[in-house]
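Heads up: the sequence shown begins at 11 in our numbering, then just goes up one per residue.
The beta-carbon is built from N, C-alpha and C at its ideal position, and this holds for glycine as well.
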Amino acid sequence: MTRRLVVLCVLVLTPVLAHAQATAAPAAAQQISAAVLALPQEFRADARVLGYQAGRHDLVALREGKGPFTCLASEPGAKQFHVACYHRSLEPFMARGRALRASGVQGDQVDTVRFAEVRSRKLAMPAHPASLYQLFGPPDAFDAATGTAPKAQALYVVYMPGATAGSTGISAKPAEGTPWLMFPGTPKAHIMFQPRM
Numbered sequence: 011m012t013r014r015l016v017v018l019c020v021l022v023l024t025p026v027l028a029h030a031q032a033t034a035a036p037a038a039a040q041q042i043s044a045a046v047l048a049l050p051q052e053f054r055a056d057a058r059v060l061g062y063q064a065g066r067h068d069l070v071a072l073r074e075g076k077g078p079f080t081c082l083a084s085e086p087g088a089k090q091f092h093v094a095c096y097h098r099s100l101e102p103f104m105a106r107g108r109a110l111r112a113s114g115v116q117g118d119q120v121d122t123v124r125f126a127e128v129r130s131r132k133l134a135m136p137a138h139p140a141s142l143y144q145l146f147g148p149p150d151a152f153d154a155a156t157g158t159a160p161k162a163q164a165l166y167v168v169y170m171p172g173a174t175a176g177s178t179g180i181s182a183k184p185a186e187g188t189p190w191l192m193f194p195g196t197p198k199a200h201i202m203f204q205p206r207m
C-alpha cells in the first residue's frame with residue numbers, strides 16, 4: 011500500500027494535468043461537484059474550480075472562488091478518477107507545472123525546471139505550510155446522481171518547502187499509519203497523511 015501511495019504521489023503531486031481525452035467533458039456543475047469533494051466541507055462553497063470544456067484541451071475556470079483553495083476537476087477519459095484542491099499560496103508552483111507540460115516538458119524535467127526557478131527566486135513558494143487535498147479511484151468513483159465519490163480514496167498533503175526530517179522531526183521513510191516526509195529538502199517537500207491513520 012505504501013509503495014502504491016509513493017508512486018501515486020509522484021504522479022499526482024507534480025501535478026499531472028495532461029490534455030483531456032477525446033471523451034466529452036461532463037457538465038460544469040458535475041465537474042465542480044466532484045472536484046470540491048476533496049475539501050473539508052467548510053471550504054467547498056468558496057473554492058475556485060478549474061476543469062474541462064468541449065473542444066478545449068487546457069483547463070479553464072469553471073467557477074471563480076473567494077476561498078483559499080483551487081480545485082482541479084478529474085480529466086475526462088482518464089484511466090482513473092482524480093480530483094485535487096490546493097491552497098492558493100501553491101498556485102505559482104502548480105500553474106508553472108501546467109505551463110511546462112503544455113509546452114512539451116515531461117516527467118522529472120518539470121520539477122528540475124521548477125526547482126531551479128524556486129532557487130533563483132523566479133518562482134515563489136509559500137513560506138508557511140500549505141495543504142493539498144485529493145481523491146482518487148476508478149473512473150466511475152464519482153456518482154453524479156448522489157454527488158458523492160463512494161469508490162474514491164483520500165490522500166492529504168501539507169507542503170513545507172525545504173523541510174527535512176531533521177527540521178521537522180518527521181521521518182522521510184514511508185510508513186503506513188503515520189505521517190512521513192516526501193521529497194525532503196526540496197521546494198516541494200511535503201508531509202503525507204493517510205486519512206485512516
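When DSSP reads this structure, residue 147 sits in a beta bridge with 91. DSSP places residue 164 in the uninterrupted beta strand (DSSP E) bounded by 163 to 169.
If you compare the alpha carbons of 123, 159 and 114 with that of residue 150, the shortest gap goes to 159.
It is roughly 28 Å from the alpha-carbon of residue 113 to the alpha-carbon of residue 48. The beta-bridge partner set that DSSP reports for residue 79 consists of 97. Take the alpha-carbon of residue 83 and the one of residue 107: they are about 16 Å apart. Rounded to the nearest whole angstrom, the CA to CA distance from residue 37 to residue 51 is 22 Å.
Here residue 181 is exposed. Its C-beta has fewer than 16 other C-beta atoms within 10 Å. For the options 171, 91, 146 and 56, the alpha carbon positioned closest to that of residue 198 is the one of 171. For residue 128, the closest of 141, 102 and 144 by C-alpha to C-alpha distance is 102.
Contact holds between the segment 162 to 179 and the segment 132 to 149, because three or more Cβ pairs, one in each stretch, are under 8 Å apart. Cβ-Cβ separation between residue 111 and residue 120: approximately 6 Å, consistent with a contact (criterion under 8 Å). Around residue 89, the same chain offers 149 as residues with beta carbons nearer than 8 Å, after the five sequence neighbours per side are excluded. For residue 59, the pairing in a beta bridge is given by DSSP as 73 and 81. Residue environment for residue 74: exposed (fewer than 16 other C-beta atoms within 10 angstroms of its C-beta). Judged by beta-carbon spacing, residue 65 lies beyond the 9 Å limit of residue 42, meaning their Cβ atoms are not closer than that value. For residue 193, no alpha helix (DSSP H) encloses it, and the DSSP letter there is neither H nor E. Ranking 58, 192 and 188 by CA distance to the CA of residue 72 puts 58 first.
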